[in-house]
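Chemist: Let me give you the structure first, and then I'll get to my questions.
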């Protein structure tokens, strides 16, 4: 078991404390391609934050590869995020004043890889994603699909065991969405990377092999979807 | 390091105008520090000018008038020193500290004649061999007056080099004058030496043995003042005690109250120098403080602009943290940017400040005032040295770090969740 959550609770303190996660129990195997689906306010983003060690949780256990992720220092958390987890965001989150290749290099910079080596690696990954010619361009010179592919290259470059994608198609048109989801599926099949996609679109969820529904802070139904026919809107397209 | 500066450059480049405006305040602060210190140095140099002509461990003592009645003599009586006072100083307990004792007497208004050359309005200055050391006289040819000249009351004379030049009609082969005879008024002297003339002064004084002048003019034992060098009085307190003791002894010898402060006067170059140094240090410190306060405005500006930068880049720092940036690497970015801005503009200010000092030296530094026939320069060498440049560099780096510290901590505290927030 690569990822295990036992009875994870999270409450946002405030004038009106908000109990967002009310005891999440979840296991994800190595090499799985899963999606977490839920409406807004269901707690799926909070769950993703906890999975990505971007946020802490109050109660329960979160275990990656047998190591308990709890009470980490900022440095340790940064180390895990850098080496174990790759992030893909809805709004791409590329740094606007850096070129595509510089953006892809960045995680390696934080690993202390030499300038030349990380440039080589970044070019290699951009090439794999068909963006070699765009290496010197800034994000605002690229289309949404290209930007998301740069972001994927950035997520892949550190060879993470887990890729967390937060609404990866949220800002893309349907054609590019299909491309991106196919790309993720291909990475999962060929590289054996665990991929967790958070989405509220059933078409996107349908691309994954298992769909975990979250509702009001607890895990609801878990659908096995190896035949990719879960979508109510058909199996051939991602509905927009 | 290279990567860090690339990042800093990228950030600064995006905000050229506000970086320059902020940098201006820093440049101005450092400019003020350099100009103030330069002007301060020039001022101290002007105070000290001429001070180098004398050895610092010397005192001059002279007669005043009594301020209180003593031994039946009433106040207001003039005290005149005489040769016995010089002997007094050569005895215990003063001989312990006093090295050389001299006096001098000037008779002015004579004409100097050599061959067919005449120079008007020179003065004969009768003195002792110790005068040479005390006044740091540099001989360019021949020798100064010696003990034998004093004993034998020789009619020998030492000329300043400017006078000698005049006699030689602009020539500088001073050796030629040695052994020659010159006439001062009606008296004939043999030239034994040429000395360097005092700076910023008309070269009018001709040195002759005291005993000679005393005989020629039929002087009595009275003398105007006594100058002596001393040793073993390191502090101001020791000097004060010594002066008090010396004045008491001389007062007593002239039937004045030992504690009568105005019966004799003492001018102590050593304590004067001490006070001058103290004053110079205080001035220096005060100028630094004023300069640093001026700089403070610039530093607050940098700190402020860095806070704005951090605020603007919150999302970016969130992304960086999400992909593995440690808090320290974010802090480094901000501190490096702050130090770079401060140091860069600080250096511009420093260079401009030094340029201003240079201009000050070339203009104000060259102008002088005539005071009692002596030309006094308003500023002497109003520039700052390498030490100030190094100190200012350190100040800039420290200031830059301090300015960046608070914004950097704020940046390091950015939570990685910020990355997930839409801009």
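Protein chains in written order, with the numbering used here: chain A, 118 to 357; chain B, 8 to 430.
All C-beta atoms, glycine included, are put in the ideal place defined by N, C-alpha and C.
Keep in mind that this is a model prediction, so the values were computed, not measured.
What does the alpha-carbon distance come out to for the pair residue 174(B) and residue 183(B)?
Modeler: Locating residue 174(B) in the second chain gives position 167, counting from the first residue. Locating residue 183(B) in the second chain gives position 176, counting from the first residue. About 11 Å.
Chemist: What number of angstroms, rounded off, separates the C-alpha of residue 443(B) from the C-alpha of residue 366(B)?
Modeler: A question about residue 443(B) goes unanswered here, because the residues of chain B that appear run from 8 up to 430.
Chemist: Would you say residue 266(A) reaches chain B, if we count a Cβ-Cβ gap shorter than 8 Å as a contact?
Modeler: Translated into positions along the first chain, residue 266(A) becomes position 149. No, because no Cβ of chain B sits closer than 8 Å to the Cβ of residue 266(A).
Chemist: Using the C-alpha atoms, what's the distance from residue 399(B) back to residue 46(B)?
Modeler: For the purposes of this step, residue 46(B) is taken as residue 39 along the second chain, with counting starting at 1. For the purposes of this step, residue 399(B) is taken as residue 392 along the second chain, with counting starting at 1. Looking at the two C-alpha atoms, the distance is approximately 16 Å.
Chemist: Using beta carbons (cut-off 8 Å, strictly below), is residue 352(A) in contact with chain B?
Modeler: Your numbering for residue 352(A) matches position 235 in the first chain. Any reading at residue 352(A) must be qualified, since the residue scores a pLDDT of 48, below 50, and its modelled position is unreliable; no value is offered.
Chemist: Per DSSP, what kind of secondary structure is residue 212(B) in: helix, strand or coil?
Modeler: Along the second chain, one-based indexing puts residue 212(B) at 205. Correct three-state label for residue 212(B): strand.
Chemist: Pick helix, strand or coil for residue 194(B), following the three-state DSSP scheme.
Modeler: One-based indexing of the second chain puts residue 194(B) at position 187. DSSP places residue 194(B) in strand when its eight states are reduced to three.
Chemist: Mapping the DSSP letters down to three states, classify residue 352(A) as helix, strand or coil.
Modeler: On the first chain, position 235 is the one that residue 352(A) refers to. Only weak support exists for where residue 352(A) lies, its pLDDT of 48 falling under 50; the value from the coordinates is given anyway. Note: residue 352(A) maps to coil in three-state DSSP.
Chemist: Among 314(B), 214(B) and 410(B), whose alpha-carbon lies nearest the alpha-carbon of residue 134(B)?
Modeler: In the second chain, residue 134(B) corresponds to position 127, counting from 1. The residue with the shortest Cα to Cα distance from residue 134(B) is 214(B).
Chemist: With a Cβ-Cβ cutoff of 8 Å, do residue 107(B) and residue 69(B) count as a contact?
Modeler: Here residue 107(B) is taken as the residue at index 100 of the second chain, counted from 1. Here residue 69(B) is taken as the residue at index 62 of the second chain, counted from 1. Contact flag unset, no.
Chemist: I need the straight-line Cα distance from residue 43(B) to residue 265(A), nearest angstrom please.
Modeler: Here residue 43(B) refers to the residue found at position 36 when the second chain is read from its first residue. Here residue 265(A) refers to the residue found at position 148 when the first chain is read from its first residue. Their Cα atoms are separated by approximately 58 Å.
Chemist: From what residue to what residue does the alpha helix (DSSP H) around residue 391(B) run?
Modeler: Counting from one through the second chain, the residue named residue 391(B) turns up at place 384. Neither: residue 391(B) is in no alpha helix (DSSP H) and is coded neither H nor E.
Chemist: Give me the residue from 281(A), 275(A), 216(A) and 192(A) with the minimum Cα distance to residue 311(A).
Modeler: By 1-based counting over the first chain, the position of residue 311(A) is 194. Closest option to residue 311(A), Cα to Cα, is 281(A).
Chemist: Could you tell me the boundaries of the alpha helix (DSSP H) in which residue 340(B) lies?
Modeler: For the purposes of this step, residue 340(B) is taken as the residue at position 333 of the second chain. 334–369 is the span of the alpha helix (DSSP H), which, as asked, contains residue 340(B).
Chemist: Are the stretch 191–204 of chain A and the stretch 166–173 of chain A touching, with three or more C-beta to C-beta distances below 8 Å?
Modeler: Segments in contact, yes.
Chemist: Check the Cβ-Cβ distances between residue 424(B) and every residue of chain A, and say whether any is below 8 Å.
Modeler: By one-based count along the second chain, residue 424(B) stands at place 417. Closer than 8 Å to some Cβ of chain A, the Cβ of residue 424(B) qualifies, so yes.
Chemist: Any beta carbon of chain A sitting closer than 8 Å to that of residue 343(B)?
Modeler: Looking up residue 343(B) in the second chain gives position 336. So no, residue 343(B) is outside the interface.
Chemist: Mapping DSSP to helix, strand and coil, what is residue 295(A)?
Modeler: To locate residue 295(A), count along the first chain from 1; it is residue 178. Residue state, collapsed to three classes: helix.
Chemist: Would the stretch 143–163 of chain B and the stretch 238–253 of chain B be scored as touching if the rule is three or more Cβ pairs under 8 Å?
Modeler: The stretch 143–163 of chain B is not in contact with the stretch 238–253 of chain B.
Chemist: Quick check on residue 126(B): does DSSP put it in helix, strand or coil?
Modeler: Locating residue 126(B) in the second chain gives position 119, counting from the first residue. Strand at residue 126(B).
Chemist: Consider the Cβ of residue 427(B): report whether some Cβ of chain A lies at a distance smaller than 8 Å.
Modeler: Stepping through the second chain from its first residue, residue 427(B) is reached at position 420. True, the Cβ-Cβ gap to chain A drops below 8 Å.
Chemist: Would a C-beta distance cut-off of 8 Å place residue 238(A) and residue 225(A) closer than the cut-off?
Modeler: Counted from its first residue, the first chain places residue 238(A) at position 121. Counted from its first residue, the first chain places residue 225(A) at position 108. Their beta carbons are under 8 Å apart, which means residue 238(A) touches residue 225(A) by this criterion.
Chemist: Where does residue 111(B) fall in DSSP's three states?
Modeler: Sequence index remark: in the second chain, residue 111(B) carries index 104 (1-based). Residue 111(B) falls in the coil class under three-state DSSP.
Chemist: Give the DSSP-derived three-state secondary structure of residue 8(B) in the structure shown.
Modeler: Position 1 of the second chain, counting from 1, holds the residue named residue 8(B). It is coil, neither helix nor strand.
Chemist: Given a threshold of 16 other Cβ atoms within 10 Å of its Cβ, counted over all protein chains shown, does residue 315(B) qualify as buried or as exposed?
Modeler: Counting from one through the second chain, the residue named residue 315(B) turns up at place 308. It is exposed - the Cβ of residue 315(B) has fewer than 16 other Cβ atoms within 10 Å.
Chemist: DSSP three-state label for residue 286(A), please.
Modeler: Indexing the first chain from 1 puts residue 286(A) at position 169. Coil at residue 286(A), not helix or strand.
Chemist: Taking the alpha carbon of residue 124(B) as the reference point, which residue from 116(B), 171(B), 32(B) and 357(B) has its own alpha carbon closest?
Modeler: Translated into the one-based positions of the second chain, residue 124(B) becomes position 117. Here the closest residue by C-alpha is 171(B).
Chemist: Pairing CB atoms from the stretch 180–194 of chain B with CB atoms from the stretch 91–106 of chain B, are three or more of them under 8 Å?
Modeler: No, the stretch 180–194 of chain B does not touch the stretch 91–106 of chain B.
Chemist: Is any beta-carbon of chain B found at less than 8 Å from that of residue 357(A)?
Modeler: Position 240 of the first chain, counting from 1, holds the residue named residue 357(A). For residue 357(A), the predicted model reports a pLDDT of 49, less than 50, meaning its position is unreliable; a value from the coordinates is still stated below. Not an interface residue.
Chemist: When you compare the CB positions of residue 30(B) and residue 351(B), do they come within less than 8 Å of one another, or not?
Modeler: Taking the first residue of the second chain as 1, we reach residue 30(B) at position 23. Taking the first residue of the second chain as 1, we reach residue 351(B) at position 344. Yes, the pair counts as a contact, with Cβ atoms nearer than the cut-off.
Chemist: Could you please tell me which residues of the stretch 202–226 of chain A, in chain order, have their CB closer than 7 Å to any CB of chain B?
Modeler: Against chain B - using a Cβ distance shorter than 7 Å - the residues of the stretch 202–226 of chain A are 204, 206, 208, 210, 212, 214, 223, 224 and 226.
Chemist: Report the residue from 227(B), 234(B), 82(B) and 20(B) whose alpha carbon sits nearest the alpha carbon of residue 269(B).
Modeler: Numbered from its first residue, the second chain carries residue 269(B) at position 262. Selected option, being the one with the closest Cα: 82(B).
Chemist: May I ask you to verify whether the stretch 320–338 of chain B touches the stretch 412–425 of chain B, counting CB pairs closer than 8 Å and requiring at least 3?
Modeler: With the cut-off at 8 Å, the stretch 320–338 of chain B and the stretch 412–425 of chain B touch.
Chemist: With 8 Å set as the bound, which would you pick, yes or no: does the beta-carbon of residue 323(B) sit closer than that to a beta-carbon of chain A?
Modeler: As a working mapping, residue 323(B) is identified with position 316 in the second chain. Yes, residue 323(B) counts as interfacial toward chain A.
Chemist: How many Å lie between residue 296(A) and residue 410(B) at the Cα?
Modeler: Here residue 296(A) refers to the residue found at position 179 of the first chain. Here residue 410(B) refers to the residue found at position 403 of the second chain. The straight-line gap from Cα to Cα measures roughly 48 Å.
Chemist: Compare the C-beta of residue 175(A) with all C-beta atoms of chain B and state if any pair is closer than 8 Å.
Modeler: Taking the first chain and counting its residues from 1, one reaches residue 175(A) at position 58. Not an interface residue.
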